[in-house]
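Beneath this line is the structure, given in structure tokens, with notes to follow.
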Amino acid sequence: GAAELGPYRHYMQKEIFEQPRAIADTLEGVISIMPELFGDGAYKVFKQIDSVLILACGTSYYAGLTAKYWIEAIAKIPVNVEIASEYRYRESVPNPNSLVVTISQSGETADTLAALKHARSLGMLHTLTVCNVATSAMVRECALSYITHAGVEVGVASTKAFTTQLAALFLLALSLAQSKGRLSETDEAEHIRALRHLPVAISAVLALEPQIISWAEEFARKENALFLGRGLHYPIALEGALKLKEISYIHAEAYPAGELKHGPLALVTKEMPVVTVAPNDTLIEKLKSNMQEVRARGGELYVFADADSRITSSEGVHVIRLPEHYGQLSPILHVVPLQLLAYHTALARGTDVDKPRNLAKSVTVE
Ligand code: G6P
Numbered sequence: 240g241a242a243e244l245g246p247y248r249h250y251m252q253k254e255i256f257e258q259p260r261a262i263a264d265t266l267e268g269v270i271s272i273m274p275e276l277f278g279d280g281a282y283k284v285f286k287q288i289d290s291v292l293i294l295a296c297g298t299s300y301y302a303g304l305t306a307k308y309w310i311e312a313i314a315k316i317p318v319n320v321e322i323a324s325e326y327r328y329r330e331s332v333p334n335p336n337s338l339v340v341t342i343s344q345s346g347e348t349a350d351t352l353a354a355l356k357h358a359r360s361l362g363m364l365h366t367l368t369v370c371n372v373a374t375s376a377m378v379r380e381c382a383l384s385y386i387t388h389a390g391v392e393v394g395v396a397s398t399k400a401f402t403t404q405l406a407a408l409f410l411l412a413l414s415l416a417q418s419k420g421r422l423s424e425t426d427e428a429e430h431i432r433a434l435r436h437l438p439v440a441i442s443a444v445l446a447l448e449p450q451i452i453s454w455a456e457e458f459a460r461k462e463n464a465l466f467l468g469r470g471l472h473y474p475i476a477l478e479g480a481l482k483l484k485e486i487s488y489i490h491a492e493a494y495p496a497g498e499l500k501h502g503p504l505a506l507v508t509k510e511m512p513v514v515t516v517a518p519n520d521t522l523i524e525k526l527k528s529n530m531q532e533v534r535a536r537g538g539e540l541y542v543f544a545d546a547d548s549r550i551t552s553s554e555g556v557h558v559i560r561l562p563e564h565y566g567q568l569s570p571i572l573h574v575v576p577l578q579l580l581a582y583h584t585a586l587a588r589g590t591d592v593d594k595p596r597n598l599a600k601s602v603t604v605e
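Rendered as structure tokens:
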């Protein structure tokens, strides 16, 4: 009801603004890295496994894609990420030494539960879930778990569930690394500090809302949009495009920026807004040349740039500045303005933000 919404117009907006609290609650009590964060016996399992298979749907799948970058970079363990509805029906090559990780806000998504059971039927018995509902079927079915504390998520378009999943998955990458003897105490301390600072960092990003509203007014008049990201932020571009299509009904596609020249560049005209996720990471110079490819075709760039990335606005290049680059946890910050952009664009178009047409919060049938 209205009382629960407080100063917010929709649950989605409220849930976006709850993210500092949701992350803090999800990380509460985590003062050091240890496999037991995921349950008793996790150390033995983590030590033994030689690969990770992530299964999920929708936004949770994009959290999985982000986790692949983290786990491979930090723990040096190969990761496959599969859409649950595909995995359950294809002939794959099972690896009994793989850790099967499901990611689910609700813990009741039929395809993800079926994919988990399929993996188990193939002899993969090491199972772990990152889930927001402690009493769900998913948590009951998995041997190990990490419960995110996003709290009840009402908006169909997932927001705080996603960022809390990311926080939990980062802990998983660190815990796997530690079990394999690949996490120094110095790095552990540095990662913990960065994790604990996230609520403050997210609050700084939320303060960009007024600037994002002015972009949303432009977007509301468009029928197509392209989202670009690279590396760790490619899944964030995918999530930004998903948010926009789900609630504003604008057709949006995401591409890893280096792939532009292999197709999507043909779509770029001055009518095409191109949202660019531009963290100041090692790929920034490559990304800048991708941005020039867009400008050369008249595309309008809407860039979310880290303060230290030295990207400035010019003709056809609109820039909103985030705080300084946040290292490996940067995806958790960069998704927030994309959530706000989708929200305010939908608001300007007058769609039913919390209950978009044809979609359900939790898909418990196939
Ligand atoms: C539905 C929801 C999405 C969600 C997906 C997976 O499509 O609308 O927001 O990402 O299901 O749900 P889960 O509960 O398994 O994370």
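Residue numbers are given in the UniProt record's numbering: position 339 of the sequence shown equals residue 578, and the series is strictly consecutive. Every residue, glycine too, gets a C-beta built ideally from N, C-alpha and C.
Cβ contact (3+ pairs, closer than 8 Å) linking the segment 387-407 and the segment 253-269
These segments touch.
I'd like to know if the segment 546-566 and the segment 511-529 are in contact, where contact means that at least 3 CB-CB pairs between them fall below 8 Å.
As far as the Cβ criterion goes, the segment 546-566 touches the segment 511-529, which means the pair count is three or higher.
Report the rounded CA-to-CA distance for residue 281 versus residue 365, giving the unit in angstroms.
For the purposes of this step, residue 281 is taken as residue 42 along the sequence shown, with counting starting at 1. For the purposes of this step, residue 365 is taken as residue 126 along the sequence shown, with counting starting at 1. Using only the alpha carbons, I get a separation of about 10 Å.
Considering only DSSP beta bridges, list what residue 545 is partnered with.
As a working note, residue 545 is residue 306 in the sequence shown. According to the DSSP secondary-structure assignment, residue 545 is paired through a beta bridge with 561.
What would DSSP say about residue 348, mapped onto helix, strand or coil?
For the purposes of this step, residue 348 is taken as residue 109 along the sequence shown, with counting starting at 1. Here residue 348 carries a coil assignment [DSSP, helix/strand/coil].
Residue from 485, 520, 546, 472 with nearest C-alpha to residue 514
Taking the sequence shown and counting its residues from 1, one reaches residue 514 at position 275. Answer by Cα proximity: 472.
Would you mind listing the alpha helix (DSSP H) stretches within the UniProt domain "SIS" (281-421) that are 4+ residues and don't spill past its ends, in chain order?
Counting only runs of 4 or more, we get 281-287, 297-309, 323-326, 349-360, 376-380, 399-418.
Flag residue 374 as yes when its Cβ comes closer than 8 Å to any non-hydrogen atom of the ligand G6P, and as no otherwise.
As a first step, residue 374 is located in the sequence shown; it is residue number 135 there, counting from the start. Remark: the C-beta of residue 374 is outside contact range of the ligand G6P, defined as less than 8 Å to any heavy atom.
Write down the C-beta distance between residue 401 and residue 580 rounded to the nearest angstrom, noting that I regard them as a contact closer than 8 Å.
Indexing the sequence shown from 1 puts residue 401 at position 162. Indexing the sequence shown from 1 puts residue 580 at position 341. Taking the Cβ atoms as the reference, residue 401 lies roughly 15 Å from residue 580, outside the contact range of under 8 Å.
Quickly, what does DSSP pair residue 466 with across the bridge? List them, please.
On the sequence shown, position 227 is the one that residue 466 refers to. Answer is 493, 514.
Within 9 Å, strictly: CB atoms of residue 573 and residue 455:
Looking up residue 573 in the sequence shown gives position 334. Looking up residue 455 in the sequence shown gives position 216. It is not a contact, given that the beta carbons lie outside the stated cut-off.
DSSP has residue 539 in a bridge; who is on the other side?
Position 300 of the sequence shown, counted from the first residue, corresponds to residue 539. Residue pairing for residue 539: DSSP places it in a beta bridge opposite 512.
Excluding sequence positions up to five away, which residues of its chain have a Cβ less than 6 Å from the Cβ of residue 353?
For this step, residue 353 is matched to residue 114 along the sequence shown. Cβ contact annotation for residue 353 (same chain, cutoff 6 Å, sequence separation greater than five): 327, in chain order.
Could you tell me which residues DSSP puts in a beta bridge with residue 528?
Looking up residue 528 in the sequence shown gives position 289. BP columns for residue 528 are empty, so no partner.
First through last residue of the alpha helix (DSSP H) which encompasses residue 436
Working through the sequence shown from its first residue, we reach residue 436 at position 197. Here the alpha helix (DSSP H) through residue 436 covers 424-445.
Residue 467 and residue 499 closer than 9 Å at C-beta
For the purposes of this step, residue 467 is identified with residue 228 of the sequence shown, where counting begins at 1. For the purposes of this step, residue 499 is identified with residue 260 of the sequence shown, where counting begins at 1. In this structure, the beta-carbon distance from residue 467 to residue 499 falls below 9 Å.
Return the bridge partner residues of residue 602 from the DSSP annotation.
Position 363 of the sequence shown holds residue 602. According to the DSSP secondary-structure assignment, residue 602 is paired through a beta bridge with no residue.
Between residue 594 and the ligand G6P, is there a pair consisting of the residue's CB and a ligand heavy atom that are separated by less than 8 Å?
Residue mapping note: residue 594 aligns to position 355 of the sequence shown, counting from 1. No, since every heavy atom of the ligand G6P falls outside the 8 Å radius drawn around the Cβ of residue 594.
So, under 8 Å CB-CB, residue 384 and residue 345 are touching, yes? Tell me the CB distance rounded to an integer number of Å.
Along the sequence shown, read from residue 1 onward, the residue named residue 384 stands at position 145. Along the sequence shown, read from residue 1 onward, the residue named residue 345 stands at position 106. About 14 Å separates the CB atoms of residue 384 and residue 345; that is not less than 8 Å, and the two are not in contact.
Euclidean distance between Cα positions of residue 480 and residue 518:
The sequence position of residue 480 within the sequence shown is 241, counting from 1. The sequence position of residue 518 within the sequence shown is 279, counting from 1. Answer to the nearest angstrom: the Cα atoms are 17 Å apart.
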